Ligand code: AMP
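In the UniProt record's numbering, the protein residues as written are 1 to 443.
Below you can see the structure in the form of structure tokens.
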């Protein structure tokens, strides 16, 4: 199958060729014809699967081929994203796909001045990428009208609910014309997502990419058990031993990010951190420096790292496991992208055993453990498996090996199985939006 056989117009084919996209990914092969045919879509696909082109390319074609010219302060297509970084990244991709089309594109998000965004919207924009909060602000200040909207895309919808955007989504829903096309992308189809889809979509085509996470398929994953207080030391040890060059590290909290960055910098390691407390410009600068290899270690929280697309990122380290198991899949999706192989290492302490168990249940695999010599934990991490069982009874810790000829654990890779998402899985408590604006008409 080629992009041409999917019925795409020449300016789009040319743009995809320039980007080196030769064949459609599974999500693109399914989504592109459906979107071109005007259908609503509910797609289980995450970053790394090529989902952005899956919705953006056909959307751009529809905007080019049909509909009136955009009027002042209006938008014809709206792509909602959970974070500023993802909004920037999606916009960059949309702009690349649209490079030979007579369409305007723009991204708006919080954390930066609203005035330039209001100015830019004056003439109207064909495709607007937005985070929910800033979109509502612009709408309330009459800088934005949605009556010309043809297509709405909810990108990473599960993440938007996780981040507490349910109320904003309900508000935006009330602002939208009833007659429109809606495309919903989510890493998982939780009950909350199904409810949201039930309210927002009409007779959607359900697209599930199998394997669900193309990226994770090519990611070698393993766990190193360690005591909590020795995690930083272990990280530095593994980094030096493995001669890590470019690593994205995930920490659970903003303080955790700062503490690790400080520790690494104190050791003369070229590290920087990104989290929600830092201004957007600082985050972007850290990200750009990491991308250009000026920074070797980038430590991030889940929210800040959302949507990062760094080509050929070889390694992701989970300094802490995520509280929400789905985030594990998002995290490891930063590596092994676009057909490359990647590695994901999790430093796990005894406190995190329930999170480990939830991740194994969600991904339907038991993650391989490698004990690192001299870092065997005093507080043993109980055994877990993909059934969600945690063997509570603690065993005595093994005596640390003292002789040099010990087995090298990290030299040998164990390829993990494919990652697929079990449903229903973990159920984090989320507020579910309630939409009372009555049924909407199909476009
Ligand atoms: P996404 O899942 O949309 O974040 O895309 C993940 C990465 O795959 C991005 O770097 C895209 O540029 C790239 N990509 C998307 N579709 C294709 C394709 N058909 N062929 C090659 N690379 C692609």
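Beta carbons: idealized from backbone N, C-alpha and C, even for Gly. Since the model is a prediction, treat every value here as computed from it, not as a measurement.
Residue 155 to residue 137 span [Cα, whole Å]: Looking up residue 155 in the chain shown gives position 155. Looking up residue 137 in the chain shown gives position 137. Cα to Cα, residue 155 sits roughly 20 Å from residue 137.
Beta-carbon proximity of residue 188 to residue 360, cut-off 7 Å: One-based indexing of the chain shown puts residue 188 at position 188. One-based indexing of the chain shown puts residue 360 at position 360. In this structure, residue 360 does not lie closer than 7 Å to residue 188 by Cβ.
For residue 409, name the three-state secondary structure that DSSP assigns. Counting from one through the chain shown, the residue named residue 409 turns up at place 409. Only weak support exists for where residue 409 lies, its pLDDT of 30 falling under 50; the coordinates are left without a value.
Would you mind listing the alpha helix (DSSP H) stretches within the region 321-370 that are 4+ residues and don't spill past its ends, in chain order? If one requires a minimum length of 4 residues, the alpha helix (DSSP H) runs lying completely within the region 321-370 are 325-332 and 353-363, in chain order.
Would the C-beta of residue 109 count as close to the ligand AMP, meaning under 6 Å from any of its heavy atoms? The residue you call residue 109 lines up with position 109 of the chain shown. Incorrect: residue 109 has no Cβ contact closer than 6 Å to the ligand AMP.
Residues of its chain near residue 71, where Cβ-Cβ distance is below 7 Å and the 5 sequence neighbours each way are ignored: Position 71 of the chain shown holds residue 71. 124 and 148, listed in sequence order.
Could you give the uninterrupted runs of the beta strand (DSSP E) lying entirely in the region 8-36, keeping only those of 3 residues or more? With a minimum length of 3 residues, no continuous beta strand (DSSP E) run stays inside the region 8-36.
Contact between the region 154-172 and the region 124-134 (3+ Cβ pairs under 8 Å): Counting C-beta pairs closer than 8 Å gives three or more between the region 154-172 and the region 124-134, which meets the contact rule.
Considering only heavy atoms of the ligand NAD, does any lie closer than 6 Å to the CB of residue 173? Of the ligands one can find in the structure shown, namely the ligand AMP, none is the ligand NAD.
Continuous beta strand (DSSP E) assignments of at least 3 residues falling wholly in the region 95-175: Entirely contained in the region 95-175, the beta strand (DSSP E) runs reaching 3 residues are, in chain order, 105-108, 125-130 and 151-154.
Indicate the three-state DSSP secondary structure (helix, strand or coil) for residue 45 in the structure shown. Within the chain shown, residue 45 is the residue found at index 45, counting from 1. DSSP places residue 45 in coil when its eight states are reduced to three.
First and last residue of the beta strand (DSSP E) that includes residue 390? Working through the chain shown from its first residue, we reach residue 390 at position 390. Per DSSP, residue 390 lies in no beta strand (DSSP E) segment and is marked neither H nor E.
Taking DSSP's pairing of strands, which residues face residue 182 in a bridge? Here residue 182 is taken as the residue at index 182 of the chain shown, counted from 1. Beta-bridge pairing links residue 182 to 152.
Is the beta carbon of residue 126 closer than 7 Å to that of residue 183? The count along the chain shown starts at 1 and reaches residue 183 at position 183. The count along the chain shown starts at 1 and reaches residue 126 at position 126. Contact check for residue 183 against residue 126 fails: the beta carbons are separated by 7 Å or more.
Residues bridged to residue 452 (per DSSP): Past the edges of the chain, shown from 1 to 443, lies residue 452, and the structure says nothing about it.
Hey, would you say the C-beta of residue 72 is under 6 Å away from at least one heavy atom of the ligand AMP? The residue given as residue 72 occupies position 72 in the chain shown. Every heavy atom of the ligand AMP is 6 Å or more from the Cβ of residue 72, so no.
Could you tell me the distance, in whole angstroms, from the CA atom of residue 270 to the CA atom of residue 90? Here residue 270 corresponds to residue number 270 of the chain shown, with the count starting at 1. Here residue 90 corresponds to residue number 90 of the chain shown, with the count starting at 1. Answer to the nearest angstrom: the Cα atoms are 28 Å apart.
Evaluate contact between the region 364-379 and the region 220-233, counting only Cβ atoms and requiring at least three cross-stretch pairs below 8 Å. Short answer: they touch.
Hey, would you say the C-beta of residue 48 is under 6 Å away from at least one heavy atom of the ligand AMP? For the purposes of this step, residue 48 is identified with residue 48 of the chain shown, where counting begins at 1. Taking 6 Å as the cut-off, one finds at least one heavy atom of the ligand AMP near enough to the beta carbon of residue 48.
Using only CA atoms, which one of 197, 343, 96 and 84 lies nearest to residue 60? Numbered from its first residue, the chain shown carries residue 60 at position 60. Checked all of 197, 343, 96 and 84; the closest Cα to residue 60 is 96.
Collapsed DSSP secondary structure at residue 373 in the structure displayed: Numbered from its first residue, the chain shown carries residue 373 at position 373. In the structure shown, residue 373 falls within a coil segment according to DSSP collapsed to helix, strand and coil.
Let me make sure I understand the geometry here. Which of 143, 139, 55 and 303 has the alpha-carbon closest to that of residue 176? Within the chain shown, numbered from 1, the residue matching residue 176 stands at position 176. Of the candidates 143, 139, 55 and 303, 139 places its Cα closest to the Cα of residue 176.
On the premise that residue 94 lies in contact with residue 105, defined as a C-beta separation below 8 Å, what is that separation, rounded to the nearest angstrom? Working through the chain shown from its first residue, we reach residue 105 at position 105. Working through the chain shown from its first residue, we reach residue 94 at position 94. Sure, about 5 Å apart at Cβ, within 8 Å.
Span of the alpha helix (DSSP H) around residue 289: Taking the first residue of the chain shown as 1, we reach residue 289 at position 289. Counting along the chain, the alpha helix (DSSP H) containing residue 289 begins and ends at 280-291.
Grouping DSSP H, G and I as helix and E and B as strand, with all else coil, what is residue 230? Here residue 230 is taken as the residue at index 230 of the chain shown, counted from 1. Here residue 230 sits in helix by DSSP.
Report buried or exposed for residue 351, applying the criterion of at least 16 other Cβ atoms within 10 angstroms of its Cβ. Translated into positions along the chain shown, residue 351 becomes position 351. It counts as exposed.
Comparing alpha-carbon positions, which option in 299, 36 and 27 lies nearest residue 43? Within the chain shown, numbered from 1, the residue matching residue 43 stands at position 43. For residue 43, the nearest C-alpha among the options comes from 27.
Under 8 Å: do the region 353-367 and the region 236-252 share three or more Cβ pairs, one atom per stretch? These segments do not touch.
In whole angstroms, what separates the C-alpha of residue 83 from that of residue 108? By 1-based counting over the chain shown, the position of residue 83 is 83. By 1-based counting over the chain shown, the position of residue 108 is 108. When rounded, the separation of the alpha-carbon atoms in residue 83 and residue 108 is 11 Å.
Alpha carbons only, please: which of 220, 186, 201 and 287 is nearest the one belonging to residue 180? In the chain shown, residue 180 corresponds to position 180, counting from 1. Looking at the Cα atoms, 201 is the closest of the given residues.
Taking 7 Å as the cut-off, decide whether the C-beta atoms of residue 302 and residue 251 are in contact. As a first step, residue 302 is located in the chain shown; it is residue number 302 there, counting from the start. As a first step, residue 251 is located in the chain shown; it is residue number 251 there, counting from the start. No, Cβ-Cβ distance for residue 302 and residue 251 is not below 7 Å.
Comparing C-alpha positions only, which one of 378, 384 and 150 sits nearest to residue 366? Numbered from its first residue, the chain shown carries residue 366 at position 366. Nearest in C-alpha terms to residue 366, of all of 378, 384 and 150, is 384.
Taking residue 204 and residue 80 to be in contact with their CB atoms under 8 Å, please state how far apart those CB atoms are, rounded to whole angstroms. In the chain shown, residue 204 corresponds to position 204, counting from 1. In the chain shown, residue 80 corresponds to position 80, counting from 1. Not a contact, Cβ separation roughly 16 Å.
Could you check if residue 288 is buried or exposed, using at least 16 other CB atoms within 10 Å of its CB as the buried criterion? As a position in the chain shown, residue 288 is number 288, starting the count at 1. Residue burial annotation: residue 288 is exposed, with fewer than 16 other C-beta atoms found within 10 angstroms of its C-beta.
Going by DSSP in three states, residue 5 sits in which element: helix, strand or coil? Indexing the chain shown from 1 puts residue 5 at position 5. In the structure shown, residue 5 sits in a helix (DSSP, three-state: H, G or I).
Straight-line gap, residue 246 to residue 102 (C-alpha atoms, nearest Å): Within the chain shown, the letter at position 246 stands for residue 246. Within the chain shown, the letter at position 102 stands for residue 102. One C-alpha to the other measures close to 38 Å.
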